[in-house]
Amino acid sequence: MKRLFPFMLWATTVLALGFLLLPIAAIFLRVPPLELIARMGSRVALDALVVTLKTNLVANALILLVGTPAAYLIATRRFRGRALVTTLVELPLVLPPAVAGIGLLAAFGRLGLLGASLDALGLSIPFTETAVVLAVTFVASPFYVRAAIAAFEAVDPDLVGAARTLGAGPARTFFRVALPLASGGLGAGAALAFARGIGEFGATIMFAGSLQGVTQTLSLAVYEQFDVDFDTALAIGAELVLVSGAVLLAVKIVPAWTRSTSPFVTLSAPSRSS
2 MKRLFPFMLW ATTVLALGFL LLPIAAIFLR VPPLELIARM GSRVALDALV VTLKTNLVAN
62 ALILLVGTPA AYLIATRRFR GRALVTTLVE LPLVLPPAVA GIGLLAAFGR LGLLGASLDA
122 LGLSIPFTET AVVLAVTFVA SPFYVRAAIA AFEAVDPDLV GAARTLGAGP ARTFFRVALP
182 LASGGLGAGA ALAFARGIGE FGATIMFAGS LQGVTQTLSL AVYEQFDVDF DTALAIGAEL
242 VLVSGAVLLA VKIVPAWTRS TSPFVTLSAP SRSS
């Protein structure tokens, strides 16, 4: 029995890994390597890659710009309704993508809540790159905000208190103490949000459509090519695997690298000399 249990553990682990890795390996083995590389360089694949990277970079910039201060507020303040605010932030995590897409249309579409106002400004968002950015931001932002809240909560409050004692104001404490100490968790959260955005499908196809070179991301290109050219769909899928794998690797490396560099910035008391 002592030998049987470790064997069962290894057997189930190998079985699970085999089940998870087999479909991924099949993507790369179904088509000869040279042909796979050639199809990865096809126009439809390159267009989808450019749209995916461009829209996700813009979406991630928006998520970082708005999500970081919001996460800091939620993590460091205790206020009435905090649980409700946190729940609302996390709600897109559990919404079906189709619901997210139809919600974005109901909000920003021509007949949506903001449709008349946007139309008066000469703006049309659905079925544009902006729609892709908004869809990615909506579904991916909770991944970053949740990680950012945890990162800020892990910052030693004594260090924050010491900075305030030395005369640092709220803004300086945030930028010089809290932000550097939480940077590892923030980087991992940003990578997770980017990975989620790369794989976004349902909300994007409903709100932005699938126009090659405009709104067609890698996930949408796989769907479009599935019935047209299965081998090209596999090649685009291989691109998604490589990009997603690189992002997940960054999730592992960023926190470890940040810890090794110890990004703690000291604060000195303000000078009293005139």
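Residues 2 to 275 in our numbering are what the sequence shown lists, from first letter to last.
Quick reminder that beta carbons are idealized off the backbone N, C-alpha and C, glycines included.
Sort 157, 221, 134 and 137 by Cα distance to residue 77 and report the nearest one.
-> 157
Specify, as a first and last residue, the run of the alpha helix (DSSP H) that residue 171 falls within.
-> 171 to 174
CB of residue 186 within 8 Å of CB of residue 152, strictly = yes
Where residue 266 falls, given that 16 or more other Cβ within 10 Å makes a residue buried = Confidence in residue 266 is poor, its pLDDT being 47 and thus under 50, which makes the residue's placement unreliable; the coordinate value appears in the next sentence. With fewer than 16 Cβ atoms within 10 Å of its Cβ, residue 266 is classed as exposed.
Just how far apart, CA to CA, sit residue 49 and residue 237?
-> 8 Å
Among 192, 194 and 161, the one whose alpha carbon lies nearest that of residue 180 | 161
Mind checking whether residue 45 and residue 218 have CB atoms under 8 Å apart?
-> no
Alpha carbon to alpha carbon, how far is residue 253 from residue 17? Give it in angstroms, no decimals.
-> 21 Å
Count the other CB atoms within 10 Å of the CB of residue 51; is the residue buried (16 or more) or exposed (fewer)?
-> exposed
Report all residues from its chain with a CB closer than 7 Å to the CB of residue 62; omit the five preceding and five following residues, and keep chain order.
-> none
From residue 1 to residue 210, what does the alpha carbon distance come to, in whole angstroms?
-> Residue 1 is absent from the model: the chain starts at 2 and stops at 275.
Whole angstroms is fine: what's the gap from residue 178's alpha carbon to residue 33's?
-> 52 Å
Do you know whose CA, among 69, 120 and 140, lies nearest residue 100's CA?
-> 140
Drop a sphere of 10 angstroms on the beta-carbon of residue 134, count the other beta-carbons inside from all chains shown, and report buried for 16 or more, exposed for fewer.
-> buried
Counting only runs of 4+ residues fully inside the region 82 to 128, write out the alpha helix (DSSP H) ranges in chain order.
-> 83 to 95, 98 to 109 and 116 to 121
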